[in-house]
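Chemist:
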Amino acid sequence: MKLAFPFRPRPFRPRSASIGETAPPAASTKAASRRFAGLTLLEMLVVLIVISLVGTILVQAFGNYLSGYSVIRRVHRDAATIGLGQHWFMSTVQSMVPSMDAEKRGFSGGTTEFQGLTLQPLASPPGTPAIARWEIRNEGNPPYLAYTEHRPGAVEGDDGWIDWTIEVGEEGGALSFQYADEPDQWHTLWRAEAFSRVRLPRMVRLVSQSGHTVWLARLAHHPEPMSDKREVP
Numbered sequence: 001m002k003l004a005f006p007f008r009p010r011p012f013r014p015r016s017a018s019i020g021e022t023a024p025p026a027a028s029t030k031a032a033s034r035r036f037a038g039l040t041l042l043e044m045l046v047v048l049i050v051i052s053l054v055g056t057i058l059v060q061a062f063g064n065y066l067s068g069y070s071v072i073r074r075v076h077r078d079a080a081t082i083g084l085g086q087h088w089f090m091s092t093v094q095s096m097v098p099s100m101d102a103e104k105r106g107f108s109g110g111t112t113e114f115q116g117l118t119l120q121p122l123a124s125p126p127g128t129p130a131i132a133r134w135e136i137r138n139e140g141n142p143p144y145l146a147y148t149e150h151r152p153g154a155v156e157g158d159d160g161w162i163d164w165t166i167e168v169g170e171e172g173g174a175l176s177f178q179y180a181d182e183p184d185q186w187h188t189l190w191r192a193e194a195f196s197r198v199r200l201p202r203m204v205r206l207v208s209q210s211g212h213t214v215w216l217a218r219l220a221h222h223p224e225p226m227s228d229k230r231e232v233p
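Just so you know, we're using our numbering here: the sequence shown kicks off at 1 and counts up by one.
Listed below in structure tokens is the structure:
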């Protein structure tokens, strides 16, 4: 006895991946590729812009550092030069002593220059008697000082004769010298014959045009002039 089936089964056929409703059309795939490529280019542009900004900031910061460093070095150099000149001025003036020959080697000074016998010369060994002369040169801006030193008996051009210029760093007018006696009264001139009891001033100062004390040196008290044994004829 044969059984009759109402339908005949169909053979199984696997569905292809290229066929179906879910497969995107070719136009949609190209559009997605274009969107992906455009986003990558935008990111690269942003990265380049950020890098350029950072590089610009670094270059500007480095330039500002170099500019500030050069200014600091210049200020430090000028301050060191002026400080050295002030030290030279004070050391030579503080060690000045009265001389037996007051007319030739004694201390004398005016508004723009003075000279005296010092035991702390700049170009000779310490303790060597030398005539030190300081002179103001107001023709420059700022003004400067001229220092002349020579051993007693030396003439200009010898090895014992020097002539230096020293910066003061004070701008805005002419400079002048002033000299204080024992009562601390300041004078614009100092001559040995005018101060018979005091051969040396108590203080010497460099004054600006406005009356400001730029440099000041105190001289040691020497009641008696230095012996001729210490002086070179």
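C-beta atoms are modelled at their ideal positions from N, C-alpha and C, and glycine is treated no differently. All values derive from a computational prediction rather than experimental measurement.
In chain order, what residues of the same chain lie with their CB nearer than 8 Å to the CB of L278, ignoring the 5 residues before and after it?
Modeler: The first residue shown for the chain is 1 and the last is 233, placing residue 278 beyond what the model contains.
Chemist: Do A130 and E149 have their C-beta atoms within less than 9 Å of each other?
Modeler: The sequence position of residue 130 within the sequence shown is 130, counting from 1. The sequence position of residue 149 within the sequence shown is 149, counting from 1. Taking 9 Å as the Cβ cut-off, A130 and E149 qualify as a contacting pair.
Chemist: In angstroms, rounded to a whole number, what distance separates the CA positions of Q178 and G63?
Modeler: By 1-based counting over the sequence shown, the position of residue 178 is 178. By 1-based counting over the sequence shown, the position of residue 63 is 63. Cα to Cα, Q178 sits roughly 47 Å from G63.
Chemist: Measure from the alpha carbon of R202 to the alpha carbon of each residue in T213, E182, S210 and A123, then state which is nearest.
Modeler: Taking the sequence shown and counting its residues from 1, the one referred to as residue 202 is at position 202. The candidate whose alpha carbon is nearest that of R202 is E182.
Chemist: With a 10 Å radius around its C-beta and 16 neighbouring C-beta atoms as the bar for buried, classify G127 as buried or exposed.
Modeler: Counting from one through the sequence shown, the residue named residue 127 turns up at place 127. Classification for G127: exposed.
Chemist: When you compare each of V204, W190, T213 and H212 to G110 by their alpha carbons, which one comes out closest?
Modeler: The count along the sequence shown starts at 1 and reaches residue 110 at position 110. Among V204, W190, T213 and H212, the Cα nearest to that of G110 is on W190.
Chemist: Is the beta carbon of A322 sitting closer than 9 Å to the one on I162?
Modeler: Here the chain comprises residues numbered 1 to 233, so residue 322 is not present and cannot be evaluated.
Chemist: If you draw a straight line from the alpha carbon of G85 to that of L206, how long is it in whole angstroms?
Modeler: Residue mapping note: residue 85 aligns to position 85 of the sequence shown, counting from 1. Residue mapping note: residue 206 aligns to position 206 of the sequence shown, counting from 1. In a straight line, the C-alpha of G85 is about 13 Å away from that of L206.
Chemist: For L216, which of helix, strand or coil comes out of DSSP?
Modeler: Numbered from 1 along the sequence shown, position 216 holds the residue referred to as residue 216. Correct three-state label for L216: strand.
Chemist: Just verifying my parser: in three-state terms, what is the DSSP assignment at L53?
Modeler: Counting from one through the sequence shown, the residue named residue 53 turns up at place 53. L53 falls in the helix class under three-state DSSP.
Chemist: So what does L117 bridge to, in DSSP terms?
Modeler: Counting from one through the sequence shown, the residue named residue 117 turns up at place 117. Answer is V97 and I131.
Chemist: Could you check how far apart the C-beta atoms of A174 and N141 are, in whole angstroms? I think they sit under 8 Å.
Modeler: Translated into positions along the sequence shown, residue 174 becomes position 174. Translated into positions along the sequence shown, residue 141 becomes position 141. The pair is not a contact, with the Cβ atoms about 10 Å apart (cut-off 8 Å).
Chemist: What does DSSP give as the partner residues of L206 in its beta bridges?
Modeler: Translated into positions along the sequence shown, residue 206 becomes position 206. For L206, which the question treats as bridged, DSSP gives the partners F177 and W215.
Chemist: Can you name the start and end residues of the beta strand (DSSP E) that H150 belongs to?
Modeler: Along the sequence shown, one-based indexing puts residue 150 at 150. Unbroken beta strand (DSSP E) run through H150: Y144 to H150.
Chemist: Can you give me the C-alpha to C-alpha distance between S176 and R77, rounded to a whole angstrom?
Modeler: Locating residue 176 in the sequence shown gives position 176, counting from the first residue. Locating residue 77 in the sequence shown gives position 77, counting from the first residue. Those two C-alpha atoms are separated by around 25 Å.
Chemist: What are the residues that DSSP puts in a beta bridge with D163?
Modeler: Taking the first residue of the sequence shown as position 1, residue 163 is located at position 163. Answer is T148, bridged to D163.
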